[in-house]
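In my numbering, the protein residues as written are 277 to 500. Yeah, the Cβ is synthetic: ideal placement off N, Cα and C, and Gly gets one too. Comments concern the structure below.
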């Protein structure tokens, strides 16, 4: 089945209120264009340099989609990231948010950010530990930054062969999401819960995900 057909079939099966973000790591411009032609409107990149190359290759078509940073953002890449991305999904500290704010303000840019939650507290993954007080404090702090709009939470979750095994982690993330949203903090507009990938998106949707990040299931096996 082609990329276009696969994307359209998944889009038809996924609830209309759940956004599909395409994880574009290692994908070619032709593959991404095929997905855009099928209706894809959100692209996710792990690396700033790879996103730069993709944007250049897509040319005018790059303006037809929203660009999401879904990998760790290094301090020395923030300036370039701000020129490329509409959303940064991997904010993990107030210090990092302040750096993004400072540079966004300098160029007059406003952008959306999500807090990355390391829901399983895995040492090999970045993100904020799933402690309610820490996340609540960070949400309040970020909400006070003028050029950033805190719109969501993102989590990776641990990998299991059986997607059911990840359900408790998605459920816990949803509970944190609901709690922070209930606080009604000024400047906070928490509407996006980004969780679930090719092997786990069905479970994630059942547990309240509003954005799933798909790669392999749409494009096929990832290139090395």
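- Excluding five sequence positions before and after residue 456, the CB atoms of its chain that fall closer than 8 Å to its own CB belong to 411, 412, 415, 429, 464, 466, given in chain order.
- If you draw a straight line from the Cα of residue 338 to the Cα of residue 304, it is about 14 Å long.
- In this structure, residue 319 sits away from residue 349, with a CB-CB distance that is not shorter than 9 Å.
- Contact annotation: residue 388 and residue 425 have beta-carbon atoms nearer than 9 Å.
- Leaving aside the five residues that flank residue 398 on each side, the residues in its chain whose CB is nearer than 7 Å to its CB run, in chain order, 434.
- Taking every protein chain shown into account, the CB of residue 317 has fewer than 16 other CB atoms within 10 angstroms, so this residue is exposed.
- Fully contained in the segment 318-356 are the following beta strand (DSSP E) runs of length 3 or more, in chain order: 318-321, 342-345.
- Taking all protein chains in view, the Cβ of residue 373 is crowded by 16 or more other Cβ atoms within 10 Å, so the residue is classified as buried.
- Listed in chain order, the non-local C-beta contacts of residue 367 below 6 Å within the same chain comprise 373, 389, 391, local neighbours out to five positions each way being set aside.
- Restricting attention to 340, 381, 438, the CA atom closest to the CA of residue 309 is found in 340.
- For residue 295, the uninterrupted beta strand (DSSP E) segment begins and ends at 295-299.
- Across the set 353, 314, 300, 369, the C-alpha of 300 shows the shortest separation from the C-alpha of residue 343.
- Taking 8 Å as the upper bound for CB-CB distance, residue 379 and residue 355 are in contact here, some 6 Å apart.
- Taking the Cα of residue 468 as reference, the smallest distance to any Cα among 290, 427, 335 is reached at 427.
- The residues 452, 455, in chain order, have a CB closer than 7 Å to that of residue 408 in the same chain once the five nearest residues on each side in sequence are set aside.
- Within the same chain, Cβ atoms closer than 7 Å to the Cβ of residue 432 are found at 401, the five residues on either side in sequence being excluded.
- With contacts defined by Cβ atoms closer than 9 Å, residue 279 and residue 307 form a contacting pair.
- In this structure, residue 488 places its C-beta atom within 9 Å of the C-beta atom of residue 294.
- Beyond the five residues adjoining it in sequence on each side, residue 495 comes within less than 7 Å, by CB distance, of 279, 303, 307 in the same chain, given in chain order.
- Cβ-Cβ distances below 8 Å link residue 315 to 283, 284, 287 in the same chain, with the five nearest sequence neighbours on each side left out; the list follows chain order.
- At a Cβ-Cβ threshold of 9 Å, residue 477 and residue 290 count as neighbours.
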